[in-house]
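Asks: The working numbering runs 300 ahead of the 1-based position in the sequence shown.
Dumping the structure here so I can ask a few things about it.
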Amino acid sequence: MAAPKLRFKEFDGDWIKSKLGSEAQFFQGEQVSLDDQCSEYAHGLIKFLRIENFTQKSKDFRYIRYTGSQEKILGEQDIAIVRYGATAGFICSGETGVIANNLFKVSVDNKKINQKYLELVLKTEKTFNYFQAEMSGGAMPALNFKIVGNLDITYSSIQEQTKIASFLSAVDEKINQLTQKHELLSQYKQGMMQKLFSQEIRFKADDGREFGEWRKAKVGNITETIFGYPFDSKEMVEDNNGIPLMRGINIGECHIRHSFELDRFFLKDTSKLEKYFVRVNDIVLSMDGSKVGRNSAFVTVKDAGSLLVQRVCILREKENTNIQYVYQWIISKEFHRYVDQVKTSSGIPHISGKQIQDYEISYPCLEEQTKIANFLFAIDQKIEVVTQQIEQAKQWKKGLLQQMFV
301 MAAPKLRFKE FDGDWIKSKL GSEAQFFQGE QVSLDDQCSE YAHGLIKFLR IENFTQKSKD
361 FRYIRYTGSQ EKILGEQDIA IVRYGATAGF ICSGETGVIA NNLFKVSVDN KKINQKYLEL
421 VLKTEKTFNY FQAEMSGGAM PALNFKIVGN LDITYSSIQE QTKIASFLSA VDEKINQLTQ
481 KHELLSQYKQ GMMQKLFSQE IRFKADDGRE FGEWRKAKVG NITETIFGYP FDSKEMVEDN
541 NGIPLMRGIN IGECHIRHSF ELDRFFLKDT SKLEKYFVRV NDIVLSMDGS KVGRNSAFVT
601 VKDAGSLLVQ RVCILREKEN TNIQYVYQWI ISKEFHRYVD QVKTSSGIPH ISGKQIQDYE
661 ISYPCLEEQT KIANFLFAID QKIEVVTQQI EQAKQWKKGL LQQMFV
């Protein structure tokens, strides 16, 4: 069959097309009762690998005494697949131990197919779409050996497979390094926020003098709070000739998101809606949903001029308040904990306008607020740069996968 679009120059010739079931054997994991699982390692025990050890990267391992078939033991280079449930089709690797019975091992002839190459094939969008289509319709998503065995795969010589796998593994390593950098920057920022907000670390004025004592105040007293207009659902249309609407669904964690599916517009007269127009440097905060309290964002020029919809709140700067300083409190773990305590948990989680206004923060004079806000914002910018680098690397890898495989 045909060769891929993108190929290392030292290789040529057509690729082989086959069914995975013709090239691999599948081995279901071991059923082990909870009574036979230990939470701590002891001599003679082996690690027992469950779904969450792969899908959530959980390090909460269990250990068992095992004398069964070696075919149920996963090596570090081996591949397993989740059989059923919400994560059915998830490709597992990188751990060693006996796999649970809701996983199954995929074993191939290493002289014919490179394990890492096969893992890359199984993680392609093409494979994902195939699994999703085959699992649809059932009460619970589930894979069986027949479905997996009917998966079309393509491969070339073992030498070319190995080179492809090595190259893409290097790309993965770069993504992992960027991800670790992102995590370290995020941890550093959290640590600095804790020290700054607790006054363990204090800034000084430009002339070297120390700033005065901090005060406590409710958010509603130091910002202007505005709550969205109750537009009729029939007035929120897809026609983008209207005024953009700022709905709760548009607000993510520290960003405002847009798509054809999410965006709605208002086509009628807005002369009586002036107070609901979003401005640059406003904080917008979604007041309901599973991530209530966490979905907030700082408004830039791009989204200024949108109309605020009911169940969304604006926090707007007042005199002697640096709104960026307030925003750092709103995205802090302290605010998240506060919301978790006061939100209504029955039905759709939500918080009231009064609960937002009543949130109390510590704040210094405007000059020190500004220094703190600028310092934390500079870290945010570094985090955003790394976030974009990660996304670019992932998109580049996605493009490579599309061109390096038939």
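Just so you know, even glycine gets a beta-carbon here, dropped at the ideal spot from N, CA and C.
Quick check: what's the CA-CA separation for Phe348 versus Val601?
Replies: For the purposes of this step, residue 348 is identified with residue 48 of the sequence shown, where counting begins at 1. For the purposes of this step, residue 601 is identified with residue 301 of the sequence shown, where counting begins at 1. Rounded to whole angstroms, Phe348 and Val601 show a C-alpha spacing of 53 Å.
Asks: From Asp452 to Phe705, what distance separates their C-alpha atoms?
Replies: Taking the first residue of the sequence shown as position 1, residue 452 is located at position 152. Taking the first residue of the sequence shown as position 1, residue 705 is located at position 405. Approximately 12 Å, taken between the alpha carbons.
Asks: Please say whether Lys319 and Asn450 have beta carbons closer to each other than 8 Å?
Replies: Locating residue 450 in the sequence shown gives position 150, where the first residue counts as 1. Locating residue 319 in the sequence shown gives position 19, where the first residue counts as 1. Yes, Cβ-Cβ distance for Asn450 and Lys319 is below 8 Å.
Asks: Does the region 646-663 touch the region 676-686, meaning 3 or more C-beta pairs lie closer than 8 Å?
Replies: no
Asks: For Cys338, does the count of other Cβ atoms within 10 angstroms reach 16, so buried, or fall short, so exposed?
Replies: Here residue 338 refers to the residue found at position 38 when the sequence shown is read from its first residue. Exposed: under 16 other Cβ atoms inside 10 Å.
Asks: Verify whether the separation of the beta carbon atoms of Phe308 and Thr355 is less than 8 Å.
Replies: On the sequence shown, position 8 is the one that residue 308 refers to. On the sequence shown, position 55 is the one that residue 355 refers to. No, the Cβ-Cβ distance between Phe308 and Thr355 is not below 8 Å.
Asks: Please confirm whether Gln331 and Asn401 have their CB atoms less than 8 Å apart.
Replies: Taking the sequence shown and counting its residues from 1, one reaches residue 331 at position 31. Taking the sequence shown and counting its residues from 1, one reaches residue 401 at position 101. Between Gln331 and Asn401, the C-beta gap is smaller than 8 Å, which places the two residues in contact.
Asks: Pick out the complete alpha helix (DSSP H) segments inside the region 514-596, 4 residues or longer, and give them in chain order.
Replies: 519-522
Asks: Between the alpha carbons of Lys317 and Ala303, how many angstroms are there, rounded?
Replies: Within the sequence shown, numbered from 1, the residue matching residue 317 stands at position 17. Within the sequence shown, numbered from 1, the residue matching residue 303 stands at position 3. Going by the C-alpha atoms only, they are around 11 Å apart.
Asks: For Pro664, collect the residues of the same chain with a Cβ closer than 6 Å to its Cβ; drop the 5 residues on either side in sequence, then sort them by chain order.
Replies: Start at 1 with the first residue of the sequence shown, and residue 664 comes out as number 364. Cβ neighbours of Pro664 beyond the five flanking positions: Phe511, Trp514.
Asks: With Leu403 as the anchor, note down where its alpha helix (DSSP H) starts and where it stops.
Replies: Position 103 of the sequence shown, counted from the start, is the residue given in the question as residue 403. Run containing Leu403: none in the alpha helix (DSSP H); it sits in the beta strand (DSSP E), 403-408.
Asks: Starting from Gly449, trace the alpha helix (DSSP H) both ways and give me its first and last residue.
Replies: For the purposes of this step, residue 449 is taken as residue 149 along the sequence shown, with counting starting at 1. First-last of the alpha helix (DSSP H) with Gly449: 445-449.
Asks: Is Leu496 helix, strand or coil when you go by DSSP?
Replies: As a working mapping, residue 496 is identified with position 196 in the sequence shown. Of the three classes helix, strand and coil, the one that applies to Leu496 here is helix, per DSSP.
Asks: Quick one: using the 10 Å Cβ neighbour count with 16 as the cut-off for buried, is Gly491 buried or exposed?
Replies: Here residue 491 refers to the residue found at position 191 of the sequence shown. Residue environment for Gly491: exposed (fewer than 16 other C-beta atoms within 10 angstroms of its C-beta).
Asks: Give a yes or no on contact between the region 605-621 and the region 568-579, applying the rule of three or more CB pairs nearer than 8 Å.
Replies: Of all C-beta pairs linking the region 605-621 to the region 568-579, three or more are shorter than 8 Å, placing the two stretches in contact.
Asks: To the nearest angstrom, how far is the alpha carbon of Val626 from that of Val642?
Replies: As a first step, residue 626 is located in the sequence shown; it is residue number 326 there, counting from the start. As a first step, residue 642 is located in the sequence shown; it is residue number 342 there, counting from the start. Straight-line Cα distance between these residues: approximately 19 Å.
Asks: Determine, using beta carbons only, whether Ile373 and Ser393 come nearer to each other than 8 Å.
Replies: Counted from its first residue, the sequence shown places residue 373 at position 73. Counted from its first residue, the sequence shown places residue 393 at position 93. Going by C-beta atoms, Ile373 is not nearer than 8 Å to Ser393.
Asks: Whose C-beta lies closer than 6 Å to the C-beta of Arg502 among residues of the same chain, with five residues either side of it excluded?
Replies: What you label residue 502 is simply residue 202 of the sequence shown in a count that begins at 1. Answer for Arg502: no residue qualifies.
Asks: List in chain order: all unbroken alpha helix (DSSP H) runs of 4+ residues lying wholly within the region 611-668.
Replies: 623-630, 633-642, 653-657
Asks: Buried or exposed for Asp582, please, with buried defined as at least 16 other CB atoms from any protein chain shown within 10 angstroms of its CB.
Replies: The count along the sequence shown starts at 1 and reaches residue 582 at position 282. It counts as buried.
Asks: Would you call Phe467 buried or exposed, if buried means 16 or more other Cβ atoms sit within 10 Å of its Cβ?
Replies: Counting from one through the sequence shown, the residue named residue 467 turns up at place 167. Burial call: exposed.
Asks: With a cut-off of 8 Å on the beta carbons, I'd call Phe565 and Val537 a contact; round off their distance for me.
Replies: Position 265 of the sequence shown holds residue 565. Position 237 of the sequence shown holds residue 537. The Cβ separation is near 6 Å, so the contact holds.
Asks: What residues match up with Glu330 in a beta bridge as DSSP calls it?
Replies: As a working note, residue 330 is residue 30 in the sequence shown. Paired residue(s): Ala400.
Asks: CB Thr396 to CB Ile351, shorter than 8 Å?
Replies: On the sequence shown, position 96 is the one that residue 396 refers to. On the sequence shown, position 51 is the one that residue 351 refers to. No Cβ-Cβ contact shorter than 8 Å links Thr396 with Ile351.
Asks: Taking Leu443 and Ile381 to be in contact with their CB atoms under 8 Å, please state how far apart those CB atoms are, rounded to whole angstroms.
Replies: Start at 1 with the first residue of the sequence shown, and residue 443 comes out as number 143. Start at 1 with the first residue of the sequence shown, and residue 381 comes out as number 81. With a Cβ gap of about 7 Å, Leu443 and Ile381 count as contacting.
Asks: Alpha carbon to alpha carbon, what distance is there between Ile364 and Asp314?
Replies: The sequence position of residue 314 within the sequence shown is 14, counting from 1. The sequence position of residue 364 within the sequence shown is 64, counting from 1. Approximately 46 Å between the Cα atoms of the pair.
Asks: Please report how far the alpha carbon of Lys463 lies from the alpha carbon of Ser369, in whole angstroms.
Replies: Within the sequence shown, the letter at position 163 stands for residue 463. Within the sequence shown, the letter at position 69 stands for residue 369. Each residue's alpha carbon lies about 32 Å from the other.
Asks: Please state if the CB of Phe327 and the CB of Glu371 are separated by a distance shorter than 8 Å.
Replies: Here residue 371 refers to the residue found at position 71 when the sequence shown is read from its first residue. Here residue 327 refers to the residue found at position 27 when the sequence shown is read from its first residue. Yes, Cβ-Cβ distance for Glu371 and Phe327 is below 8 Å.
Asks: Given Thr670, which residues of its chain have a CB within under 6 Å of its CB, disregarding the five upstream and five downstream residues?
Replies: On the sequence shown, position 370 is the one that residue 670 refers to. Only Asn622 meet the Cβ criterion.
Asks: With which residues is Asp452 paired in a DSSP beta bridge?
Replies: One-based indexing of the sequence shown puts residue 452 at position 152. DSSP output for Asp452 lists Lys319 as bridge partner(s).
Asks: Can you tell me the Cα-Cα spacing of Gly344 and Asp336, whole angstroms?
Replies: On the sequence shown, position 44 is the one that residue 344 refers to. On the sequence shown, position 36 is the one that residue 336 refers to. Taking the straight line joining both Cα atoms gives about 13 Å.
Asks: Pull up the distance between the alpha-carbon of Gln703 and that of Ile551, whole angstroms please.
Replies: What you label residue 703 is simply residue 403 of the sequence shown in a count that begins at 1. What you label residue 551 is simply residue 251 of the sequence shown in a count that begins at 1. Going from the Cα of Gln703 to the Cα of Ile551 covers about 35 Å.
Asks: Would a C-beta distance cut-off of 8 Å place Ile543 and Ala597 closer than the cut-off?
Replies: Counting from one through the sequence shown, the residue named residue 543 turns up at place 243. Counting from one through the sequence shown, the residue named residue 597 turns up at place 297. No, they are not a contact pair.
Asks: Using three-state DSSP, classify Ala302 as helix, strand or coil.
Replies: Taking the first residue of the sequence shown as 1, we reach residue 302 at position 2. In the structure shown, Ala302 sits in coil (DSSP, three-state: anything other than H, G, I, E or B).
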